[in-house]
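Reading through the structure tokens given below for one structure.
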Amino acid sequence: MENKTRTLYMIPYIGWIILFVVAPIALVVYYSFFDIHGNFTVGNYGKFFTPVYLKMAISSFWYAFLITIISLAAAYPTAYLLTKTKHKQLWLLLIIVPSWVNLLLKAYAFIGIFGAHGAANQFLDIIGIGTKQLLFTDFSFVFVSVYIFIPFMILPIFNALDNLNPSLLDATKDLGASKWTTFRRVILPLTLNGVKSGIQVVFIPSLSLFMLTRLIAGNRVITLGTAIEQHFLVTQDWGMGSTIAVFLIIAMFLIMALTGFRRRGA
Amino acid sequence: MASTIIQFKNVTKQYGQDPVVLDNVSFEIEKGKFYTLLGPSGCGKTTILRLIAGFTEPTSGEIFFNGKKVNDIPANKRQVNTVFQDYALFPHLNVYENVAFGLRIKKMKKSEIDKKVKEALSFVNLNGYEDRDIQDMSGGQKQRVAIARAIVNEPEVILLDEPLSALDLKLRYQMQYELRELQRRLGITFIFVTHDQEEALAMSDEIFVINKGKIQQSGTPNDIYDEPINRFVADFIGESNIIQGTMIEDYVVEFAGKRFACVDKGMERNEPIEVVLRPEDLEITSPDQGLIQIKVISQLFRGVHYEILGVDEQGNEWMVHSTKKAQVGMEIGLRFEPEAIHVMRFNESEEEFDKRLESYTEDESDGK
Chain A
1 MENKTRTLYM IPYIGWIILF VVAPIALVVY YSFFDIHGNF TVGNYGKFFT
51 PVYLKMAISS FWYAFLITII SLAAAYPTAY LLTKTKHKQL WLLLIIVPSW
101 VNLLLKAYAF IGIFGAHGAA NQFLDIIGIG TKQLLFTDFS FVFVSVYIFI
151 PFMILPIFNA LDNLNPSLLD ATKDLGASKW TTFRRVILPL TLNGVKSGIQ
201 VVFIPSLSLF MLTRLIAGNR VITLGTAIEQ HFLVTQDWGM GSTIAVFLII
251 AMFLIMALTG FRRRGA
Chain B
1 MASTIIQFKN VTKQYGQDPV VLDNVSFEIE KGKFYTLLGP SGCGKTTILR
51 LIAGFTEPTS GEIFFNGKKV NDIPANKRQV NTVFQDYALF PHLNVYENVA
101 FGLRIKKMKK SEIDKKVKEA LSFVNLNGYE DRDIQDMSGG QKQRVAIARA
151 IVNEPEVILL DEPLSALDLK LRYQMQYELR ELQRRLGITF IFVTHDQEEA
201 LAMSDEIFVI NKGKIQQSGT PNDIYDEPIN RFVADFIGES NIIQGTMIED
251 YVVEFAGKRF ACVDKGMERN EPIEVVLRPE DLEITSPDQG LIQIKVISQL
301 FRGVHYEILG VDEQGNEWMV HSTKKAQVGM EIGLRFEPEA IHVMRFNESE
351 EEFDKRLESY TEDESDGK
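Chains as they are written, first to last, in the UniProt record's numbering: chain A, 1 to 266; chain B, 1 to 368.
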């Protein structure tokens, strides 16, 4: 009886998973075995290991790595300070609010800010450095990406730090630990899960960024995301696009496995 | 002569504009004894512990450790270790690493750490649990790990913040014995915080009864139980009958409408006072043989004894602990010895109180 109702409740969930997770992945895998003329082939996979695509893959990973590391470096201290503030929920909300704004709108806002006559250049002019090419550089690409992803890094780290039992910190102090030792041996290990979740939600999406590469980086940065978009919309080579997508999916699972190891404590 | 290890001099603690948590507290703690800070929640006992540990600083006053002022010395530089109420064990480390934590910070040699951790674990009967995860330990075992983690550092003082409050009754009794035994074997000063008066009476060499940020009374469990200084202490420690009365003259006290011989003196004539009579000091007799007659209004069987509640003619309520049974509605007599009457003056300071008590013992020795 109870089992039956439970199965009943599971139907929408299973239906959702099949329709929107399993089926698309199966389709992507299916398409990856066809060439541009619709003939069955495994050649796409061979093509992926040519320098053109490998270079794209490496640059994707490199930028995703940079975005993740910079987000992490900024997010951890921010999250730590947030847990110390008086109205931490309010401050947290202020950090999360920008993530509700559409990505495209934020991208256009930065085009305005980083443009030749934008606010950033006006500021550089006033302090005497003079105008610089900001838009369409690696710097602006990484900067805007970090800006977009950082709330997703702060949130899990904040939660982990906030859940930390304060008497553990008293205990470390009591046992003779300095501030740095307390951080290294207690705070960091106990918030590592938060850090890992943060890395997952930042690194994986930034691997397949494509819109920002055009709008902010002016196609100077070509990532696997851009390549997929181009294959599907421009060259119409769905097979090659799918193949790249398959590799991205594999990469995601690898990262999940790497950051998901030894999930304990907390 | 035992030497003083911790001294508080006029210590006051106040958080912001809130009422004071500790109000001008002074006391001394001697080496190698088992001390208990006893009081209701919010009385300031945990604050005293946190001040000794160095987690918080006094608003005013001085704290001395081995004769040296330690107000500004941070917690990680003090020769004190704490056993926390929620144990505060590190969930990401196993039992061994939890205990070894303090030693690793001291950069001790591996072989030495190994030896000390094993020794500490055997002290708390946890041999063979080294590789266990903290999550897989029961409440009592966690408690022991927390104690091992404290004693392994060989501190001069161990602070215990209500460490037994999360355990069930049986385990709590067992841990009371173990803690007391451990303290005797190690000879380290223990400062134990609790709101459980039975625990305090059973374990301590010295008890500080604390209320509203002030030490009400300090002394051995016997002293405090037998000679409570005021209504709060009498009420908080054990069951007691507290009756309004008048001190007619030395050795004569009036309460419940009658005059009784007592052993107290040194008060003014006709001074209004309160007397304490412990329920177990009252003996049930027939009404005509009793010093006081009460009408029984309720009776509870408590296992070891009956708890009988009654009212005398003046309307004072009396609680009696007796192995004899009474009948609800019946009139019974109560007998008690002059020594069972404890007279408490209003607003007497601990110093005056101690002086008064001392004068009685002098009289006794004079008489012999």
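Glycine is no exception: its CB is placed at the ideal position from the N, C-alpha and C atoms.
Residue-chain proximity (residue i, chain B), Cβ-Cβ < 8 Å
| i | result |
| --- | --- |
| residue 196 of chain A | no |
| residue 162 of chain A | no |
| residue 177 of chain A | yes |
Under 8 Å from the C-beta of residue i: neighbouring residues of chain B
| i | result |
| --- | --- |
| residue 165 of chain A | 86, 88 |
Own chain partners of residue i with C-beta closer than 8 Å, once the 5 adjacent residues on each side are dropped
| i | result |
| --- | --- |
| residue 311 of chain B | 294, 295, 297, 317, 318 |
| residue 132 of chain A | 121, 124 |
| residue 29 of chain A | 242, 246 |
| residue 9 of chain B | 26, 61, 62, 63, 64 |
| residue 292 of chain B | 256, 258, 312, 318, 333, 334 |
Close Cβ partners of residue i (< 7 Å) along its chain, the five nearest in sequence each way excluded
| i | result |
| --- | --- |
| residue 10 of chain A | none |
| residue 265 of chain A | A caution first: residue 265 of chain A carries a pLDDT of 39, below 50, which makes its placement in the model unreliable, though a value can still be read off. Around residue 265 of chain A: 190. |
| residue 34 of chain A | 40, 41, 239 |
| residue 89 of chain B | 98, 134, 142, 145, 146 |
Under 9 Å by beta carbon: chain A residues contacting residue i
| i | result |
| --- | --- |
| residue 147 of chain B | The contacting residues do not exist; residue 147 of chain B stays about 13 Å from chain A at best. |
| residue 71 of chain B | None at all; the shortest Cβ gap to chain A is about 16 Å. |
Span of the beta strand (DSSP E) around residue i
| i | result |
| --- | --- |
| residue 250 of chain A | Residue 250 of chain A -> not in any beta strand (DSSP E); alpha helix (DSSP H) instead, spanning 238-260. |
| residue 97 of chain B | Segment 95-105 is the alpha helix (DSSP H) holding residue 97 of chain B; no beta strand (DSSP E) there. |
| residue 50 of chain A | Looking at the DSSP string, residue 50 of chain A is not in any beta strand (DSSP E), and its letter there is neither H nor E. |
| residue 245 of chain B | 241-249 |
| residue 100 of chain A | Per DSSP, residue 100 of chain A belongs to no beta strand (DSSP E) and is neither H nor E. |
| residue 292 of chain B | 292-301 |
Run of the alpha helix (DSSP H) containing residue i, from where it starts to where it stops
| i | result |
| --- | --- |
| residue 335 of chain B | That residue, residue 335 of chain B, is in no alpha helix (DSSP H); its beta strand (DSSP E) goes 331-335. |
| residue 161 of chain B | Note, residue 161 of chain B: premise wrong, no alpha helix (DSSP H); beta strand (DSSP E) at 157-161. |
| residue 221 of chain B | 221-226 |
| residue 167 of chain A | 166-174 |
| residue 201 of chain A | 188-207 |
| residue 59 of chain B | Run containing residue 59 of chain B: none; DSSP gives neither H nor E here. |
| residue 182 of chain B | 169-186 |
| residue 142 of chain B | 139-151 |
| residue 29 of chain A | 23-31 |
Proximal residues of chain B, C-beta to C-beta of residue i below 7 Å
| i | result |
| --- | --- |
| residue 181 of chain A | 105 |
| residue 168 of chain A | 88, 90 |
| residue 186 of chain A | 90 |
Cβ of residue i within 8 Å of any chain A Cβ
| i | result |
| --- | --- |
| residue 101 of chain B | yes |
| residue 82 of chain B | yes |
| residue 55 of chain B | yes |
| residue 347 of chain B | no |
| residue 403 of chain B | Because chain B is modelled from 1 through 368, residue 403 of chain B falls outside the range shown and cannot be assessed. |
| residue 367 of chain B | Residue confidence is low: residue 367 of chain B scores 43 on pLDDT, short of 50, so the model does not pin down where it sits. No coordinate-derived value is stated. |
DSSP-derived helix/strand/coil call for residue i
| i | result |
| --- | --- |
| residue 231 of chain A | helix |
| residue 198 of chain B | helix |
| residue 367 of chain B | The predicted position of residue 367 of chain B is uncertain, since its pLDDT is 43 and thus under 50; no value can be drawn from it. |
| residue 6 of chain A | helix |
| residue 203 of chain B | helix |
| residue 261 of chain B | strand |
| residue 19 of chain B | coil |
| residue 122 of chain B | helix |
| residue 339 of chain B | helix |
| residue 163 of chain A | coil |
| residue 268 of chain A | With chain A covering 1 to 266 only, the question about residue 268 of chain A has no answer from this structure. |
| residue 18 of chain A | helix |
| residue 134 of chain B | helix |
| residue 43 of chain A | helix |
| residue 68 of chain B | strand |
Under 8 Å from the C-beta of residue i: neighbouring residues of chain A
| i | result |
| --- | --- |
| residue 321 of chain B | The premise fails here: residue 321 of chain B is roughly 40 Å from chain A at the closest Cβ pair, so nothing lies under 8 Å. |
| residue 153 of chain B | 175, 176 |
Chain-ordered chain B contacts of residue i [CB-CB under 9 Å]
| i | result |
| --- | --- |
| residue 190 of chain A | 90, 91, 92 |
| residue 84 of chain A | Residues of chain B passing the Cβ test: none, with the nearest at roughly 16 Å. |
| residue 335 of chain A | In this structure chain A extends from 1 to 266, so residue 335 of chain A is not present and cannot be described. |
Cβ neighbours of residue i in the same chain (closer than 6 Å, five flanking residues each side left out)
| i | result |
| --- | --- |
| residue 226 of chain A | 210, 213 |
| residue 241 of chain A | 228, 231, 232 |
| residue 14 of chain A | none |
| residue 183 of chain A | none |
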